[in-house]
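One structure below.
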Amino acid sequence: MSRNRKSGTVTIIPNLSIIDIAEEGKGVGKADELVVFVDKAVPGDIVDVKIVKKKKNFAEAVIEQLIKPSDLRTDPFCQHFGTCGGCKWQHMGYESQLKFKQKNVEAALQRLAKIDTSSMEPILGSAENKYYRNKLEYTFSNKRWLNKQDMADRPDDIVGPNEDLEMNALGFHVPLRFDKILDIQHCYLQAEPSNSIRNSVRTYALNNGMSFYDLRNHEGNLRNLIIRTSSTGEVMVVVVFAYVGQESVNGLMEFLKVNFPEITSLQYIINQKKNDTIFDQEVITYGGRDHIFEEMEGLKFKIGAKSFYQTNSGQAYELYKITKEFAGFTGDELVYDLYTGAGTIANFVARGVKHVVGIEYVPTAIEDAKFNAELNQIANTTFFAGDMKDILTRDFIVQHGKPDVVITDPPRAGMHADVVDRLLEMEADKIVYVSCNAATQARDLALLKEKYTIVRIKPVDMFPHTQHVENVVLLKFRGKTLEIIED
Numbered sequence: 034m035s036r037n038r039k040s041g042t043v044t045i046i047p048n049l050s051i052i053d054i055a056e057e058g059k060g061v062g063k064a065d066e067l068v069v070f071v072d073k074a075v076p077g078d079i080v081d082v083k084i085v086k087k088k089k090n091f092a093e094a095v096i097e098q099l100i101k102p103s104d105l106r107t108d109p110f111c112q113h114f115g116t117c118g119g120c121k122w123q124h125m126g127y128e129s130q131l132k133f134k135q136k137n138v139e140a141a142l143q144r145l146a147k148i149d150t151s152s153m154e155p156i157l158g159s160a161e162n163k164y165y166r167n168k169l170e171y172t173f174s175n176k177r178w179l180n181k182q183d184m185a186d187r188p189d190d191i192v193g194p195n196e197d198l199e200m201n202a203l204g205f206h207v208p209l210r211f212d213k214i215l216d217i218q219h220c221y222l223q224a225e226p227s228n229s230i231r232n233s234v235r236t237y238a239l240n241n242g243m244s245f246y247d248l249r250n251h252e253g254n255l256r257n258l259i260i261r262t263s264s265t266g267e268v269m270v271v272v273v274f275a276y277v278g279q280e281s282v283n284g285l286m287e288f289l290k291v292n293f294p295e296i297t298s299l300q301y302i303i304n305q306k307k308n309d310t311i312f313d314q315e316v317i318t319y320g321g322r323d324h325i326f327e328e329m330e331g332l333k334f335k336i337g338a339k340s341f342y343q344t345n346s347g348q349a350y351e352l353y354k355i356t357k358e359f360a361g362f363t364g365d366e367l368v369y370d371l372y373t374g375a376g377t378i379a380n381f382v383a384r385g386v387k388h389v390v391g392i393e394y395v396p397t398a399i400e401d402a403k404f405n406a407e408l409n410q411i412a413n414t415t416f417f418a419g420d421m422k423d424i425l426t427r428d429f430i431v432q433h434g435k436p437d438v439v440i441t442d443p444p445r446a447g448m449h450a451d452v453v454d455r456l457l458e459m460e461a462d463k464i465v466y467v468s469c470n471a472a473t474q475a476r477d478l479a480l481l482k483e484k485y486t487i488v489r490i491k492p493v494d495m496f497p498h499t500q501h502v503e504n505v506v507l508l509k510f511r512g513k514t515l516e517i518i519e520d
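Taken in order, the sequence shown gives residues 34 to 520; the numbers are from our numbering.
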């Protein structure tokens with residue numbers, strides 16, 4: 034390998050071979066003993082890179098020049114690639130993405146939990162890898178992210194950006210810049226009418242002198258735009274305003290109602306807090322219902338403005354089918370569904386078991402879960418709201434029964450140590466662990482191995498063109514219970 038060279042205070046590493054891809058999605062190369070993580074690099078690339086951050090044993094870098102492109106490379110399909118924080122892997126073919134996702138899950142389980150992954154099943158790819166999301170949230174800002182062309186187009190006598198540039202934006206946050214928003218023209222994550230609605234809202238706001246939110250000074254009319262769609266063809270639009278008169282609110286909402294009659298649920302929120310969360314805010318229905326419906330295997334699920342639902346509807350169905358298959362229900366099981374959300378998995382498996390107990394932290398999600406059970410005439414589910422470690426106590430288990438199967442689908446942080454301890458104490462016959470973070474899942478599995486054997490592992494790709502992946506693991510209790518199951 035050529036020696037590193039310095040240009041001023043900048044270190045350039047020439048002819049670096051990219052040999053792998055890291056869990057966070059960056060390419061990995063080695064320069065002598067230094068591990069280099071390279072943004073937007075693909076395994077097989079040979080690149081000159083510029084070091085942007087250096088520690089003792091690793092460095093972060095950007096591509097200075099692509100010397101030889103990898104055979105795995107493909108042309109990005111989105112004009113916003115490279116600036117937008119989403120779809121970071123679209124410069125790599127989808128089959129290659131799946132290969133590296135599987136490899137990263139395998140590495141995490143081996144390294145962090147010392148798990149034998151030789152029987153790991155192939156990753157399930159998404160049937161749709163464009164327009165697959167059912168929910169997007171956009172941000173209004175009066176400080177648009179300026180690209181190189183914007184700066185190049187400024188007059189010679191202006192040092193900064195051209196004052197004639199439109200600085201309002203409606204789009205996504207630029208990574209690591211909370212106050213800068215990339216103005217999105219076309220997003221490939223959500224199908225129509227998502228792009229048409231967003232672009233029309235931007236145009237209406239500009240034409241009618243509505244101010245875009247200032248993320249630093251917390252002032253302005255328009256704050257967020259949430260668009261939800263469903264496989265049933267229904268559409269929800271939620272506009273989040275900040276400081277605005279009711280006449281302006283009604284003007285924009287009426288514009289949407291008239292120009293997009295396909296909107297099933299049209300709502301708005303007035304949020305003047307310093308953060309964007311809406312869970313503590315009143316949602317006001319302007320037109321249609323206050324919810325839309327999703328369907329899965331003959332079941333209907335109510336989705337409100339604050340509801341949690343897997344953002345890839347088609348792949349969520351595949352994920353839940355795998356979860357049910359791993360559990361291997363015979364019809365007489367008591368099931369605990371931990372982190373049940375809106376009760377989607379609980380209600381999905383309920384017809385094949387004796388009873389399901391669902392637990393979730395968010396009270397409004399539990400209300401959705403109860404509604405969905407009643408909507409689908411499911412009478413064998415019971416739902417509880419509260420912190421998992423506080424709800425799942427010994428007294429709770431005595432009162433509701435020891436489960437035969439536990440399904441757990443925690444947030445990215447994984448399960449609290451007290452919850453893992455309770456699972457070990459419960460000794461359910463089977464645990465099906467669904468996770469969106471292989472590292473925290475591996476941490477929990479390492480503890481559960483004290484009493485459980487890991488029987489099946491299957492990754493599921495819910496988010497094409499990103500480094501994120503779901504993983505489903507089946508654990509069986511070791512001892513007499515296991516012998517009964519296997520006989």
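Backbone N, C-alpha and C define an ideal beta-carbon position, used for all residues, glycine too.
Given the structure is predicted, the values throughout are model-derived calculations rather than measurements.
Contacting residues, own chain, Cβ-Cβ under 6 Å from residue i (five flanking each side not counted)
i	result
Lys163	Tyr221
Pro208	Gly118
Ala349	Gln343
Ile424	Ile392 and Phe417
Pro109	Gln123 and His124
Ile411	Asn380 and Ala383
Pro443	Tyr372
Nearest candidate by alpha-carbon position, reference residue i, set the options
i	options	result
Leu258	His449, Ile336 and Leu299	Leu299
Asp435	Ala450, Ser151, Glu128 and Arg455	Before going further, note that residue 435 is Lys rather than Asp in the sequence given. Of the candidates Ala450, Ser151, Glu128 and Arg455, the one whose C-alpha sits nearest the C-alpha of Lys435 is Arg455.
Glu170	Gly204, Ala140 and Lys134	Gly204
His124	Lys73, Phe429, Asp420 and Met153	Lys73
Ser346	Ala202, Glu328 and Ile430	Glu328
Ala522	Lys333, Met421, His501 and Leu507	One cannot answer for residue 522 here, as it falls past the ends of the chain, which runs 34 to 520.
Ile303	Thr297, Gln279 and Phe288	Gln279
Val468	Asp451, Val452, Ala479 and Gly447	For the sequence presented, residue 468 should be read as Ser rather than Val. Ser468 has its Cα closest to that of Gly447, out of Asp451, Val452, Ala479 and Gly447.
Glu66	Arg322, Asn308 and Asn90	Asn90
Ile336	Gln305, Leu371 and Gly376	Gly376
Val438	Ala224, Ala379 and Pro396	Ala379
Lys121	Asp428, Gly77, Asp53 and His501	His501
Lys83	Ala64, Leu478 and Val43	Val43
For residue i, the first and last residue of its enclosing beta strand (DSSP E)
i	result
His324	His324 to Met329
Arg249	No beta strand (DSSP E) holds Arg249; DSSP gives it neither H nor E.
Met269	Val268 to Phe274
Asp53	Val43 to Ile54
Tyr466	Lys463 to Ser468
Gly337	Leu332 to Gly337
Asp370	Leu367 to Leu371
Residue i classed as buried or exposed, judged by whether at least 16 other C-beta atoms fall within 10 angstroms
i	result
His251	exposed
Leu198	exposed
His324	buried
Ala471	buried
Ile498	For clarity, residue 498 is His in the given sequence; the question names Ile instead. It is buried - the Cβ of His498 has at least 16 other Cβ atoms within 10 Å.
Asn283	exposed
Lys168	buried
Glu287	exposed
Thr486	exposed
Leu239	exposed
Lys134	buried
Phe70	buried
Lys101	exposed
Ala160	exposed
Ile517	With a pLDDT of 35 at Ile517, under the threshold of 50, the predicted position of this residue should be treated as unreliable, though the coordinate-derived value follows. The residue is exposed, with fewer than 16 neighbouring Cβ atoms inside 10 Å.
Glu339	For the record, residue 339 in the displayed sequence is Lys; it is not Glu. The residue is buried, with at least 16 neighbouring Cβ atoms inside 10 Å.
Rounded distance between the beta-carbons of residue j and residue i, thought under 8 Å
i	j	result
Gly391	Ala402	6 Å
Asn254	Ser281	6 Å
Lys387	Leu367	6 Å
Asp451	Lys422	4 Å
Thr356	Val465	5 Å
Arg166	Gln223	5 Å
Glu285	Ile296	For the sequence presented, residue 285 should be read as Leu rather than Glu. Going by Cβ atoms, the distance from Leu285 to Ile296 rounds to 13 Å, so no, they are not a contact pair.
Residues near residue i by beta carbon distance below 7 Å, same chain, minus five either side
i	result
Lys484	Leu457, Glu460, Phe510 and Arg511
Thr150	Glu139, Leu142, Gln143 and Ile490
Val75	Ile51, Gly60, Ser103, Leu105, Arg106, His124 and Met125
Glu351	Leu157 and Val493
Arg226	Here residue 226 is Pro; the residue named in the question, Arg, does not match the sequence. Answer for Pro226: Val268, Phe293 and Glu295, listed in chain order.
Extent of the continuous alpha helix (DSSP H) run through residue i
i	result
Leu289	Gln279 to Asn292
His433	Arg427 to His433
Met421	Met421 to Ile424
Phe211	Run containing Phe211: none in the alpha helix (DSSP H); it sits in the beta strand (DSSP E), Arg210 to Asp216.
Ala238	Ser227 to Asn240
Leu481	Ala471 to Leu481
Phe70	Element bounds for Phe70: not the alpha helix (DSSP H) but the beta strand (DSSP E), Leu67 to Asp72.
Cut-off 8 Å between Cβ atoms - residues of its own chain near residue i, not counting five sequence neighbours on either side
i	result
Glu503	Leu352, Val467, Ser468, Cys469, Pro492, Val493, Asp494 and Met495
Ser152	Arg489 and Ile490
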